[in-house]
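Colleague: Structure in structure tokens, see below.
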Amino acid sequence: MSSVYSMTPSAAPQKSSGPRVFKRLEDWQVCRSALQGSVGFVPTMGALHAGHGSLLERSVAENDYTVLSIYLNPTQFNSPKDLDCYPKTLERDLKMARDIGVDFVITPSYEQMYADGFRYQVDETRFSSELCGEHRPGHFTGVLTVVMKLLNIARADRAYFGEKDYQQYLLIRDMCEAFFMDLEIVPCATVREADGLAMSSRNENLDKAGRAKAGLLNNLIRSTLDDEQVSQALREAGFDVDYIVSREGRRSAAASLVCGDRVVRLLDNVAC
Ligand code: PAF
């Protein structure tokens, strides 16, 4: 990847030359301080797919600069095996960033992100223990803490989050409001495969049989069946169901499939 970049929107980086990649946060901070113009930010854990692509494209269209972070955040994983199995595709991710016209990529280390040893944490005391939080204790504390750190690092005008992780989006939006953070949190529509399966990095871990079944989750939550009937139908198809919950105009779902020695957790939600 080229390291060509410039400090002003009028002399924006040659998109074909690729983003400038920062491993060290100190180097990024120097660059960030010199930028003039609006900054859009897309935080990710890597293994980018078309859903991430849509967030990045929107940011490129709406801002003078787009910053992508790729950081596999261990504090939001409940099990070491789940963290281990998370797909890692850095070269492919950087190619996608280049093709879309991303200006900067930040890939910090754990030592940099958690120099405090995770002593300081952002806790939400109600909604974070419901839905996914009920099944993944501590997950949202890890998410909110790392997102707070990343937003402070990026110093963006806008940050883009996919609606596939709707509970995460709501918690981040409300955290920014609660802490008077001066940026816009932009929700972006879920991107789907042809059979309705919501795009997710974890889909890479589906085997052939799992992939053939996975679209059922979206089909069923869109159906007229009630939540209990949807759970029942999913269980009969071999899913392990965490929850199917309809409330406040949205039906949210989390269910897993066993694929070989991996458990692939699928999330989805639709307006209802
Ligand atoms: O949605 C994700 O990929 C992660 O939860 C995020 C927001 C990048 C924080 O690690």
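FYI, the numbering for the sequence shown is 13 to 284, going by the working numbering.
Where is the CB? At the ideal position from N, CA and C, for every residue including glycine.
None of the values given here were measured: they were computed from a predicted structure.
(1) Let's test the definition: count the other Cβ atoms within 10 Å of the Cβ of residue 272 and tell me whether it reaches 16, buried, or not, exposed.
(2) Might you give, ordered along the chain, the residues of its own chain that have their beta carbon closer than 6 Å to the beta carbon of residue 14, omitting 5 neighbours on each side?
(3) Please say whether residue 225 and residue 202 have beta carbons closer to each other than 8 Å?
(4) Quick one: what's got a C-beta closer than 7 Å to residue 245's C-beta in the same chain, skipping five residues either side?
(5) Could you tell me whether the region 198-212 touches the region 161-179, using the rule of 3 or more Cβ pairs below 8 Å?
(6) Beta-carbon within less than 6 Å of residue 133's beta-carbon, same chain only, minus the 5 sequence neighbours each way: which residues are those?
(7) Going straight from the alpha carbon of residue 270 to that of residue 207, what length do you get?
(8) Which residue or residues does DSSP assign as beta-bridge partners of residue 209?
(9) Taking Cβ to Cβ, would you say residue 105 is nearer than 8 Å to residue 162?
(10) State buried or exposed for residue 122, treating a residue as buried only when at least 16 other CB atoms are found within 10 Å of its CB.
(11) In the structure shown, what three-state DSSP assignment does residue 281 receive?
(12) Can you list, in chain order, the residues of its chain with a C-beta nearer than 6 Å to that of residue 282? Leave out the 5 residues immediately preceding and following it.
(13) Measure the Cβ-Cβ separation of residue 84 and residue 109 and say whether it is below 8 Å.
(14) Would the region 184-192 and the region 208-219 be scored as touching if the rule is three or more Cβ pairs under 8 Å?
(15) Just mark residue 230 as buried or exposed, buried being the case when its beta carbon has 16 or more other beta carbons within 10 Å.
(16) What does the alpha-carbon distance come out to for the pair residue 120 and residue 129?
(17) Going by DSSP, name the residue or residues bridged to residue 81.
(18) Note down the Cα distance separating residue 131 from residue 150, rounded to an integer number of angstroms.
(19) Among the residues of its own chain, which have a CB less than 8 Å from the CB of residue 155, if the five just before and after it don't count?
(20) Distance check for residue 35 and residue 127, CA to CA, integer angstroms please.
(21) Pull up the CB-CB distance for residue 168 and residue 251, whole angstroms please, since I reckon it's below 8 Å.
(22) Given that a residue counts as buried once 16 or more other Cβ atoms are within 10 Å of its Cβ, and exposed if not, what is residue 117?
(23) Can you list the beta strand (DSSP E) stretches of 3 or more residues lying completely in the region 162-203, in chain order?
(24) Which residues does DSSP list as the beta-bridge partners of residue 255?
(25) If you draw a straight line from the C-alpha of residue 37 to the C-alpha of residue 82, how long is it?
(26) Just to confirm, does residue 198 get its C-beta within under 7 Å of one of the non-hydrogen atoms of the ligand PAF?
(27) Is any heavy atom of the ligand PAF found at a distance shorter than 7 Å from the C-beta of residue 158?
Modeller: Working from what's here:
(1) exposed
(2) With a pLDDT of 36 at residue 14, under the threshold of 50, the predicted position of this residue should be treated as unreliable, and no value is reported.
(3) no
(4) 232, 237
(5) yes
(6) 153, 157
(7) 20 Å
(8) The partner list for residue 209 (beta bridge, DSSP) is empty, contrary to what the question assumes.
(9) no
(10) exposed
(11) strand
(12) 233, 234, 263
(13) no
(14) no
(15) buried
(16) 15 Å
(17) 55, 118
(18) 14 Å
(19) 85, 88, 180, 183, 184
(20) 15 Å
(21) Not confirmed; about 37 Å, so no contact.
(22) buried
(23) 170-174, 196-200
(24) 266
(25) 13 Å
(26) no
(27) yes
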